[in-house]
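In the working numbering, the protein residues as written are 1 to 140. Structure first, commentary second.
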Amino acid sequence: MSIVFLGLGSNIGIRQKNITDALDSLECCGVHIQKCSTIIETEPVGGPPQGKFLNAVAKAETLLTPEKLLKETQTIEKKLGRLKTVINGPRTIDIDILLYDDLRISMPELTIPHPRMFEREFVLKPLSEIAPEIINQCKP
């Protein structure tokens, strides 16, 4: 089993339910949540004016490859009503693959570690809550 860290965020609809539904959906497709951070409220970063986000980070185990995991996260986002109309725009749910074991992947559709995770307090704060050792190990 591979260890993955996922960032989750929502700023449309019933935000906490969107995150909970995403976590439940991940479990159903073979992503077994081991730990989840406290859900925090944060200001949006970039994009058009929009409401505040709820954000969390989850540690999980999976047998899915990084590419299959990406497909599953995108399927869950669509199932929960995500529409990609504006870059960094409002969304019902966003699921980002932050880390996948110690892999480094650079493809047009997938970059691991997530390229902006160390610039985003809404990732670093919840990640440091559930895996403080990761912050120091993974800095570029």
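The beta-carbon is built from N, C-alpha and C at its ideal position, and this holds for glycine as well. Everything numeric in this text was worked out from a predicted model, so none of it was measured.
Taking Leu70 as the reference, which of Gly13, Ile95, His32 has the closest Cα? Here residue 70 is taken as the residue at index 70 of the sequence shown, counted from 1. Here the closest residue by C-alpha is Ile95.
Could you compute how far the alpha carbon of Ser106 sits from the alpha carbon of Ile12? The count along the sequence shown starts at 1 and reaches residue 106 at position 106. The count along the sequence shown starts at 1 and reaches residue 12 at position 12. Those two C-alpha atoms are separated by around 30 angstroms.
So if DSSP puts Ala58 in a beta bridge, which residue, or which two residues, is it bridged to? Here residue 58 refers to the residue found at position 58 when the sequence shown is read from its first residue. Ala58 is bridged to Leu6, Cys36.
Less than 8 angstroms between C-beta atoms, sequence neighbours within five positions excluded: which residues of the same chain meet that for Leu63? Walking along the sequence shown from the start, residue 63 turns up at place 63. Contacts found: Met1, Ser2, Gly30.
Tell me whether Met1 sits in a helix, a strand or coil according to DSSP, three-state version. For the purposes of this step, residue 1 is identified with residue 1 of the sequence shown, where counting begins at 1. Three-state DSSP puts Met1 in coil, outside helix and strand.
Per DSSP, which residues does Phe53 bridge with? Please list them. The residue you call residue 53 lines up with position 53 of the sequence shown. In the DSSP output, where bridge partners are listed per residue, Phe53 has Thr42.
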